[in-house]
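In the working numbering, each residue carries its 1-based index in the sequence shown increased by 44.
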Amino acid sequence: MTMNQISPHPVRILPSLLAADFANLGPDAKRALDAGAYGLHADIMDGQFVPPITYGADVVKAIINVTGAWVDAHLMIEDPDKQVLAFASAGAKAITIHAEATPHLHRVLGMIRDAGCEAGVALNPATPVTATLQHVMPLLDRVLIMTVNPGWGGQKFIHEGLGKVSEVAQLLRSFNSMARLQVDGGVTPDNAAELIRHGADELVAGSAIYRGDVEANIAAFQKQIDSVQLA
């Protein structure tokens, strides 16, 4: 298993199904898993918190039934508390909600854990790290740093997000937290090693995996992960 220089966890590659062919989600998901991806990242959009609409818990359940995959449901929705049980029942192993989407962050994270899932918080590019996270650190299994504005695939990486990744990594260490540090948005093999060196241990990639040869693209990510491990 590949370990990075900062996180105590092995680095995971998580393909974002937002970039897959929606008419072939099952086969596209399985192809990425067979190529070495750890699991799948399901972007759930409601047309309110972000403008696009994607899919719901029934589709996630179907994908899990077909692939048996570990799935992180990234809820880019308003009132996420109303959907926690649906995605837990669908088989998602992790549920990540946006800090910006609820005034009751502590309560919703508790709901996720009570449902038997890993609880995660996602932060938009402009959302402060410490002030948002410090009061919920004991409930966190995952912090997701968005390095694009959420809602659309294929955006360019916001380079300033590297500083936020480092800030989260330092905060996790200061709390002796074992929460994972996930990055989503413009992640490619070209910036993967730098993200890992800043503390990321879960790389979410959509276009960089599903545009072109899936197997070759995942191999390119793994090469960068290995380059950090062997440095």
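C-beta atoms are modelled at their ideal positions from N, C-alpha and C, and glycine is treated no differently.
Classification of residue i by the beta-carbon crowding that lies within 10 angstroms, buried from 16 upward
i, result
"G243", "buried"
"P71", "exposed"
"Q92", "exposed"
"S133", "exposed"
"V110", "exposed"
"D270", "exposed"
"R151", "exposed"
"F66", "exposed"
"H203", "exposed"
"H85", "buried"
"P52", "exposed"
"P59", "buried"
"D234", "exposed"
"D78", "exposed"
"H118", "buried"
"K126", "exposed"
"G83", "buried"
Residue range of the unbroken beta strand (DSSP E) whose run includes residue i
i, result
"H142", "A138 to H142"
"I57", "R56 to P59"
"M89", "L84 to M89"
"E246", "E246 to A249"
"I358", "No statement about residue 358 is possible, as the shown extent of the chain runs from 45 to 275 and does not include it."
"A166", "E162 to L167"
Local conformation of residue i per DSSP, three classes
i, result
"D257", "coil"
"A117", "strand"
"I97", "strand"
"Q178", "coil"
"Q268", "helix"
"P52", "coil"
"D125", "helix"
"A81", "coil"
"A63", "helix"
Residue i, enclosing alpha helix (DSSP H) - first and last residue
i, result
"V173", "Looking at the DSSP string, V173 is not in any alpha helix (DSSP H), and its letter there is neither H nor E."
"L69", "L69 to D78"
"A132", "V128 to A134"
"A150", "Reading off the sequence, residue 150 comes out as His, not Ala. First-last of the alpha helix (DSSP H) with H150: L149 to D158."
"V110", "A101 to T111"
What are the start and end residues of each continuous alpha helix (DSSP H) run of 4 or more residues lying completely inside the stretch 194 to 244, in chain order? Whole alpha helix (DSSP H) segments, 4+ residues: 205 to 218 and 233 to 241.
Three or more C-beta pairs closer than 8 Å, one from the stretch 220 to 231 and one from the stretch 254 to 263: is that the case here?
No contact exists between the stretch 220 to 231 and the stretch 254 to 263.
Across the stretch 86 to 104 and the stretch 154 to 168, are there enough close Cβ pairs to call them in contact, namely three or more that are closer than 8 Å? Too few Cβ pairs lie closer than 8 Å, so no.
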